[in-house]
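A short write-up of the structure that comes next.
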Amino acid sequence: MDEENIIGPRLRALRDRLGLSQRALARKAGVPSSTVSLVESGRTSPSVGSLKRLLDAAGISLGDFFSSEFETPTKYFYRHDELTDISRGEVSYRQLGSSQDSSLQILYETYQPGSDSGRVMLSHEGEEGGLIISGRLEVTVDGQSRVLKAGDGYLFPSVLPHRFRNVGDCPCVVISACTPPTF
């Protein structure tokens, strides 16, 4: 395994061992919380400076980081503040656990009034489903649209073009699942 591939899992194991959320580590290091998420998921390789700031915040040197053995404790339960922020803004996605550890991705999604998943229809391998917890969400799948409200849900093959839009005047909260993980 090359160095690039071990930084993410090592950082996550170190953070878990210290009992820090991604947001807490990022705050201590003075970096955006998305940085920790991107590094841990392997979607970006940090600069030496960024990695050093993260490790300084965790109280470990670069040398110790690469020479130490970190075991990730098995985790089954997550408090609301332990969910991983994947995106923030008009549409926010918070992930349960890590997509590295599971072939199932579970998200806590919040759509602000008038927000949507984008003008371009989404399409990717897999399946996805969700339940509307509060608010109203227009879901479009393969040219069919429905406005769903609290208690309603959706389930479809993700290869079909799809889009989500809050058509209500209050935030819409959705719990969704996707396999394989897409973020």
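Under our numbering, the letters of the sequence shown match residues 14 to 196, in that order.
The beta carbon of each residue, even a glycine, is placed where N, CA and C say it ideally should be.
**OP:** Flag this pair as yes or no: are the beta carbons of Thr251 and Glu122 separated by less than 8 Å?
**Re:** Residue coverage of the chain in this structure runs from 14 to 196, which leaves residue 251 outside it and unanswerable.
Original post:
So, is Leu67 buried or exposed, given that buried needs 16 or more other C-beta atoms within 10 angstroms?
Top reply: buried
**OP:** Please report the residue range of the beta strand (DSSP E) in which Arg159 lies.
**Re:** Gln157 to Lys162
Subject >> C-alpha distance - Val52 paired with Ser80, whole-angstrom precision >> reply: 19 Å
Original post:
If you draw a straight line from the C-alpha of Ile119 to the C-alpha of Ala37, how long is it?
Top reply: 21 Å
Original post:
Can we say the region 91-111 touches the region 139-155, given the rule of at least three CB pairs closer than 8 Å?
Top reply: no
**OP:** Go ahead and label Ala163 buried or exposed: buried means 16 or more other beta carbons lie within 10 angstroms of its beta carbon, across all protein chains shown.
**Re:** exposed
**OP:** Return the CA-CA distance between Ala39 and Leu96, expressed in angstroms with no decimal places.
**Re:** 14 Å
**OP:** Return the first residue and the last residue of the alpha helix (DSSP H) that Gly62 is part of.
**Re:** Val61 to Ala71
Original post:
Ordered along the chain, which non-local residues of its own chain (more than five positions away) have a Cβ less than 8 Å from that of Gly166?
Top reply: Gly142, Gly143, Leu144 and Ile145
Original post:
Val151 bridges to which residues according to DSSP?
Top reply: What sits at residue 151 in the sequence shown is Glu, not Val. Beta-bridge pairing links Glu151 to Val160 and Arg178.
**OP:** Figure out for me which residue from Val187, Ser63, Lys88 and Leu173 has the closest Cα to the Cα of Arg149.
**Re:** Val187
Original post:
In terms of DSSP beta bridges, what is Ala20 paired with?
Top reply: Looking at the sequence itself, residue 20 is Ile, so the reference to Ala does not match. BP columns for Ile20 are empty, so no partner.
Subject >> Proximity of Ser147 and Asp98 at Cβ, strictly below 8 Å >> reply: no
**OP:** Please report how far the alpha carbon of Asp94 lies from the alpha carbon of Gly32, in whole angstroms.
**Re:** 12 Å
**OP:** Can you give me the Cβ contacts of Pro59 inside the same chain, cut-off strictly under 6 Å, excluding the 5 residues immediately before and after it?
**Re:** Val52
**OP:** Take Asp29 as the anchor and find which of Thr57, Thr87 and Val180 has the nearest alpha-carbon.
**Re:** Thr87
Original post:
With which residues is Gln35 paired in a DSSP beta bridge?
Top reply: Looking at the DSSP assignment, Gln35 forms no beta bridge with any residue, so it has no partner.
Subject >> Helix, strand or coil at Ser169 according to DSSP, with G and I counted as helix >> reply: With the sequence shown as reference, residue 169 is identified as Phe, and Ser is not the correct amino acid for it. Residue state, collapsed to three classes: strand.
Subject >> alpha helix (DSSP H) segment containing Asp98, residue limits >> reply: Per DSSP, Asp98 belongs to no alpha helix (DSSP H); it is in the beta strand (DSSP E), Thr97 to Ser100.
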